[in-house]
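Okay, so here's the structure we're looking at.
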Amino acid sequence: MKLAIILAATAALTFAQANWPTYSGAYNGWRHSQLDQINRSNVDKLKVAWVYQMPVTERIETTPIVIDGIMYLSEPPSNVVALDAETGRPYWRYRRNLPEKINVCCGQVNRGVAVSGDRVFVGTVDAHLVALHAKTGAVLWDIPVADSKTGYSLTGAPLIVKDMVITGVAGGEYGVRGFLDAYDMKTGKRRWRFWTIPEPGQPGSNTWTGDAWKHGGAPTWVTGAFDPEQNLIIWGTGNPSPDWNGDVRPGDNLYSDSAIALDADTGKLKWHYQFVPHDVHDWDATQVPVLVDADWQGKPRKLVYWAHRNGFFYVLDRTTGEFLLGKAFATQTWNNGFTKEGRPIRKPNIDPSPEGTYVWPGVQGATNWYSPSYSPKTGFFYLTAWENKGLYRKGDAEYIPGNRFIGSVPEIDLPEEPGWGAIRALNPKTGERIWEHKMHTKPWSGVLTTAGNVLFGSTGGWISREKTAMESYFFALDAESGKELWHINLGGTMASNPMTFSVKGKQMVIMPAGSGVFAFALP
Amino acid sequence: MKTPILLVLLLTAIAQAQIKNPHTTKEDVAAGARIFRSHCADCHGITGQGGKGPALNTGQFFHGASDQALLKNISDGIEGTAMPSQFFSPDQIWQVVAFVRTLAVKGSATAPPGNPQNGAKLFREKGCINCHLVKGEGGVNGPELSFIGSQRPADAIRKSIEDPNAQVDQAYWQADIILENSTPYKGFLMNEDTYNVQLLHPAQGLLTLPKRNFRKFEIKKTSAMPAFNGNPAELQDLVAYLWSLQRTRRPE
Numbered sequence: 029m030k031l032a033i034i035l036a037a038t039a040a041l042t043f044a045q046a047n048w049p050t051y052s053g054a055y056n057g058w059r060h061s062q063l064d065q066i067n068r069s070n071v072d073k074l075k076v077a078w079v080y081q082m083p084v085t086e087r088i089e090t091t092p093i094v095i096d097g098i099m100y101l102s103e104p105p106s107n108v109v110a111l112d113a114e115t116g117r118p119y120w121r122y123r124r125n126l127p128e129k130i131n132v133c134c135g136q137v138n139r140g141v142a143v144s145g146d147r148v149f150v151g152t153v154d155a156h157l158v159a160l161h162a163k164t165g166a167v168l169w170d171i172p173v174a175d176s177k178t179g180y181s182l183t184g185a186p187l188i189v190k191d192m193v194i195t196g197v198a199g200g201e202y203g204v205r206g207f208l209d210a211y212d213m214k215t216g217k218r219r220w221r222f223w224t225i226p227e228p229g230q231p232g233s234n235t236w237t238g239d240a241w242k243h244g245g246a247p248t249w250v251t252g253a254f255d256p257e258q259n260l261i262i263w264g265t266g267n268p269s270p271d272w273n274g275d276v277r278p279g280d281n282l283y284s285d286s287a288i289a290l291d292a293d294t295g296k297l298k299w300h301y302q303f304v305p306h307d308v309h310d311w312d313a314t315q316v317p318v319l320v321d322a323d324w325q326g327k328p329r330k331l332v333y334w335a336h337r338n339g340f341f342y343v344l345d346r347t348t349g350e351f352l353l354g355k356a357f358a359t360q361t362w363n364n365g366f367t368k369e370g371r372p373i374r375k376p377n378i379d380p381s382p383e384g385t386y387v388w389p390g391v392q393g394a395t396n397w398y399s400p401s402y403s404p405k406t407g408f409f410y411l412t413a414w415e416n417k418g419l420y421r422k423g424d425a426e427y428i429p430g431n432r433f434i435g436s437v438p439e440i441d442l443p444e445e446p447g448w449g450a451i452r453a454l455n456p457k458t459g460e461r462i463w464e465h466k467m468h469t470k471p472w473s474g475v476l477t478t479a480g481n482v483l484f485g486s487t488g489g490w491i492s493r494e495k496t497a498m499e500s501y502f503f504a505l506d507a508e509s510g511k512e513l514w515h516i517n518l519g520g521t522m523a524s525n526p527m528t529f530s531v532k533g534k535q536m537v538i539m540p541a542g543s544g545v546f547a548f549a550l551p
Numbered sequence: 403m404k405t406p407i408l409l410v411l412l413l414t415a416i417a418q419a420q421i422k423n424p425h426t427t428k429e430d431v432a433a434g435a436r437i438f439r440s441h442c443a444d445c446h447g448i449t450g451q452g453g454k455g456p457a458l459n460t461g462q463f464f465h466g467a468s469d470q471a472l473l474k475n476i477s478d479g480i481e482g483t484a485m486p487s488q489f490f491s492p493d494q495i496w497q498v499v500a501f502v503r504t505l506a507v508k509g510s511a512t513a514p515p516g517n518p519q520n521g522a523k524l525f526r527e528k529g530c531i532n533c534h535l536v537k538g539e540g541g542v543n544g545p546e547l548s549f550i551g552s553q554r555p556a557d558a559i560r561k562s563i564e565d566p567n568a569q570v571d572q573a574y575w576q577a578d579i580i581l582e583n584s585t586p587y588k589g590f591l592m593n594e595d596t597y598n599v600q601l602l603h604p605a606q607g608l609l610t611l612p613k614r615n616f617r618k619f620e621i622k623k624t625s626a627m628p629a630f631n632g633n634p635a636e637l638q639d640l641v642a643y644l645w646s647l648q649r650t651r652r653p654e
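In order, the protein sequences belong to chains A and B. Sequential numbering of the first sequence, starting at 29, is according to the numbering used here. Sequential numbering of the second sequence, starting at 403, is according to the numbering used here.
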C-alpha cells in the first residue's frame, strides 16, 4: 500500500514535470523545467524529431502548451491547432475568420493559448476571447473583449487563474485605454476589469491632464504571473499613447510602464511600481514578472525580478511593491540613478526631438517582450539583452480612432550602428553580470533553462532585407558558465520563446523558426 | 462560354480600379513634406533630387507609379532594395504620397550633357567593365550598373566616380581576415553572423570562414574602386553613358 502511494506520488511528480501547462511553464514566470534528460553532457547530440509547418505567412510568436502528450499552440493571426506532441501530427485546427481591416501595430501575431481541463482559450487580433473544446476545437463561447475598430487587439496568451481566464489587450500604438480582464472559464461572463488608466476622480487620475486618459494606452499584451499564496496577479503594462510625443499627456501617466499587482478575486489594485514615469521612448513594462522567494539582505522575502525594456534589472517586494534594486544590465544613457522611493532620475536632453535624439537603449529596448528565465539550480536570472541606440524623433500626434497614435516614428535600426545581442546571466541579489554569450545580431527570442543545467536561446533571426540582421541559430549554453554546447541553423525568423516537455519518457525542446515549429530530442 | 469571359473581364476591371489618394489638400501636402524631410530626404534628397536612393522628381517610379503602388511601397518598403518600410498610419503615408507628387520638376528626367557612345567606349577602355556588370557583361567585383541611371541621379553617379568612398554599399565592404594559421583572406563581406563570415574572394569565389579560427578580423567600409584617372570631358561622357542605363517600368 505504502509503495503504491509512493509510486503514485512519483508518477504525479513526473507527470507534472512532463507537461508545460502555461505560457511561462508555471505561475512564477520562471520558464524553467525540472526535466534533465537533456543535459550539459548530451545536449550536443540533439536531433530534429519533427517539424510542424504552419500554413501561414505571419511571424510565429507562440509558446506551445503541452498537457499529457497533446500540444496546443496558436498560429498567426488567431488560429489554434492541437498536435500529437510525439510526432507533430495535427488532431484538429481552429481557423478564425477575421475582418478585412485589423488594427495591429506590429504584425498579426499571437503568443499562445491557455488550457484548463477540456477547454482551450485564445485571444484574437479582432479583440475576441474564444473558448474551444480541447478534444475537437469546437467553439464553446466567443466573446468580444473590446472594439477592434478603435485599435484593440488580443495577441498575448491568456492565463488561467482559479476558475477564470485572465487576458490583457494590445493597442498602445492606437491610443486605446488599457485594461486587464477576468472571465468565467465556463460561461465567458466577465468577472472584473481593471482599467490601467484611472478615470477622473480615481486614485492616480491626477497623473493625467484633460482628456488624455481616454486615449492614454497602457496596454497589457504580455502574459503576467500569479502568486497563489497572496492571491495576487502580477502583470506588466505598456507605453502611454502617443508613444514619442508626451506633450498631450503631461504628468506621470499612471499606470503605464508599470508592474501592477491585483487581487485575483476582485481585480482591485494592491500595489504598483512605475518603471518609467511619463515615458516618451516606448519603453513598455510588457515583460514576464519572475516571482521568487529568496533572502534579501539577510531576511527571507517575497520578491519580483523584472528586466525592463529601459535597460534596468529591478527587484521589487512582492507584498508591497517596494523598490529594492534597480541596476543597469545594458548600456543606457537616460538614467542618473533612483530616488529612495525608486523614482528614476532622468538625464537631461533625452526626449525625442523633431531633428532626432540619440538615446541608449533604442526604441526596441535593451530587452523586450521575449521571456527571461530563472533557474533555482544556479540561482541566476537570465535574459536576452540588446546593446543598441536609437534615434528618437518627435512629430505630430492627433487621435483618430483606428489610426496609429504615436507622434512620429523613431529610427529603429541604424544601418551604420546596428547594435548586437547577448544572453546575460545576472546575480539577482545584486544585478551584477555573471557571464554573457555575445551574438552578432539582436535576438527576438527569450530563454529557457532546465534542471539539466542547460539554457536554450536563439540569435537574431528576424529575416529582413538587411543581411546582417539575418541569422537563425538555435543554441544551448551551459547555464552555469555560459559556454556554448550546441547550435543549429534553422533558417527562418525566430520570435518565440523556447519551451520543453516530455512525452512517453522522451524530453523534447521546441523552437519555432520561419513557418516551422521544430522539435528536438536525443536520438 | 460567354458568361465566364464577361465575368473574368469584369473582375479584372474591378481589380484594376485604382484607389485614389484621399489626402491631397494643401495641409496634407504640408504634413507629408514634414514627414518626407525627417524620414525620406536622407536617401531621396530634400527636393527629391535623389542621392543614396533614386530621384523622385522625375515623375517616374519604376516600382509602380499609381497612388496605390506608392502607398504600398512606402508602407511596406521594396523587397530587394534598400527602401525600408515606414511605421506610419495610411493617412500619413497618403500625405507623403501627396507631397511626392509635387516633386516632379520639368526636365529633371532629361539626359545630362555628354556623349554616351563615347562614355560606353571609355567604360571598357578605363577598365570599369572588369569589375562592373552591365546587362550581362562585365565583372562582379563591384555593384551591377545595368540600371544605374534609374537608381541614381547624374550628380550622384558623378560623385561616386570622382570619390569612390562617397557611398559604399554594405555588400562591397571589404573584410580583412588572418586565420590562426596565418593564412590571410581579403574579400567582399557578403554576410556575417555569430559564427561565420561569408566572403566573395577575388580568386577563390564564395567562401564561408568560421570565426573561431580568426586571429584578425577587420571590416573596411571604404571602396575597392580606384579614383577616376580621366579628364573632365571623359568624366562627363562616362556619366552620360551610365545615366543612359535606364530600367523601363513594368506595365501596371
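By construction, the Cβ of each residue, glycine as well, lies at the ideal position given by its N, Cα and C atoms.
Simplified DSSP state of residue i, which is helix, strand or coil
i	result
residue 100(A)	strand
residue 310(A)	coil
residue 73(A)	helix
residue 504(A)	strand
residue 429(B)	helix
residue 527(B)	helix
residue 160(A)	strand
residue 233(A)	helix
residue 618(B)	strand
residue 240(A)	helix
residue 507(B)	coil
residue 495(A)	Bear in mind that the predicted position of residue 495(A) carries a pLDDT of just 47, short of 50, making it unreliable; the figure below should be weighed with that in mind. Helix.
residue 578(B)	strand
residue 448(B)	coil
Neighbour flag for residue i against chain A, beta carbons, 9 angstroms
i	result
residue 594(B)	yes
residue 646(B)	no
residue 441(B)	yes
residue 436(B)	yes
residue 558(B)	no
residue 433(B)	yes
is_contact[residue i, chain B] using C-beta, thresh 9 angstroms
i	result
residue 308(A)	no
residue 496(A)	Any reading at residue 496(A) needs caution, since the residue's pLDDT is 48, under 50, leaving its predicted position unreliable; the model's value is listed next. Yes, contact with chain B.
residue 501(A)	yes
residue 493(A)	For residue 493(A), the predicted model reports a pLDDT of 47, less than 50, meaning its position is unreliable and no value from the coordinates is stated.
residue 434(A)	yes
Cross-chain neighbours of residue i in chain A, by beta carbon under 7 angstroms
i	result
residue 578(B)	Those within 7 angstroms of residue 578(B) in chain A number zero; the least Cβ separation is about 17 angstroms.
9 angstroms Cβ cut-off: residues of chain A touching residue i
i	result
residue 446(B)	Within 9 angstroms Cβ-Cβ: nothing; residue 446(B) doesn't reach chain A, min ~15 angstroms.
Partners in chain B for residue i, counting only beta-carbon separations shorter than 9 angstroms
i	result
residue 522(A)	What residue 522(A) touches in chain B: nothing, since even the nearest Cβ is about 13 angstroms away.
residue 428(A)	491, 493
residue 85(A)	In chain order: nothing, as chain B lies at least about 13 angstroms away.
residue 416(A)	Chain B residues near residue 416(A): none, gap ~16 angstroms exceeds 9 angstroms.
Chain-ordered chain A contacts of residue i [CB-CB under 8 angstroms]
i	result
residue 470(B)	Per Cβ cutoff of 8 angstroms: no residues; residue 470(B) is ~16 angstroms from chain A at best.
Contact list for residue i against chain B, beta-carbon separation under 8 angstroms
i	result
residue 437(A)	441, 488, 489, 490
residue 374(A)	Here the premise fails: no neighbours, minimum Cβ distance about 24 angstroms.
residue 382(A)	440
Beta-bridge partners of residue i, as assigned by DSSP
i	result
residue 144(A)	147(A)
residue 460(B)	In the DSSP output, where bridge partners are listed per residue, residue 460(B) has none listed.
residue 522(A)	Answer by DSSP bridge pairing: none, since residue 522(A) is not bridged.
residue 534(B)	Paired residue(s): none; residue 534(B) is not in a bridge.
residue 531(A)	534(A)
residue 61(A)	478(A)
residue 170(A)	158(A)
Contacts of residue i in chain B (Cβ-Cβ under 7 angstroms)
i	result
residue 468(A)	594, 595, 596
residue 421(A)	440
residue 90(A)	Ordered by position in chain B, no residue passes the 7 angstroms Cβ test against residue 90(A), which lies about 23 angstroms from the chain.
- Every unbroken alpha helix (DSSP H) inside the segment 185-213 of chain A [4 residues or more]: Fully contained in the segment 185-213 of chain A is no alpha helix (DSSP H) run of length 4 or more.
- Item | beta strand (DSSP E) segments (min. 3 residues) lying fully within the segment 375-414 of chain A | Correct list: 385-387.
- Message: Please give me, in chain order, every unbroken run of the beta strand (DSSP E) with length at least 3 that falls completely inside the segment 265-344 of chain A.
- Response: The beta strand (DSSP E) runs of length 3 or more contained entirely in the segment 265-344 of chain A are, from start to end of the chain, 286-291, 297-302, 318-324, 327-335.
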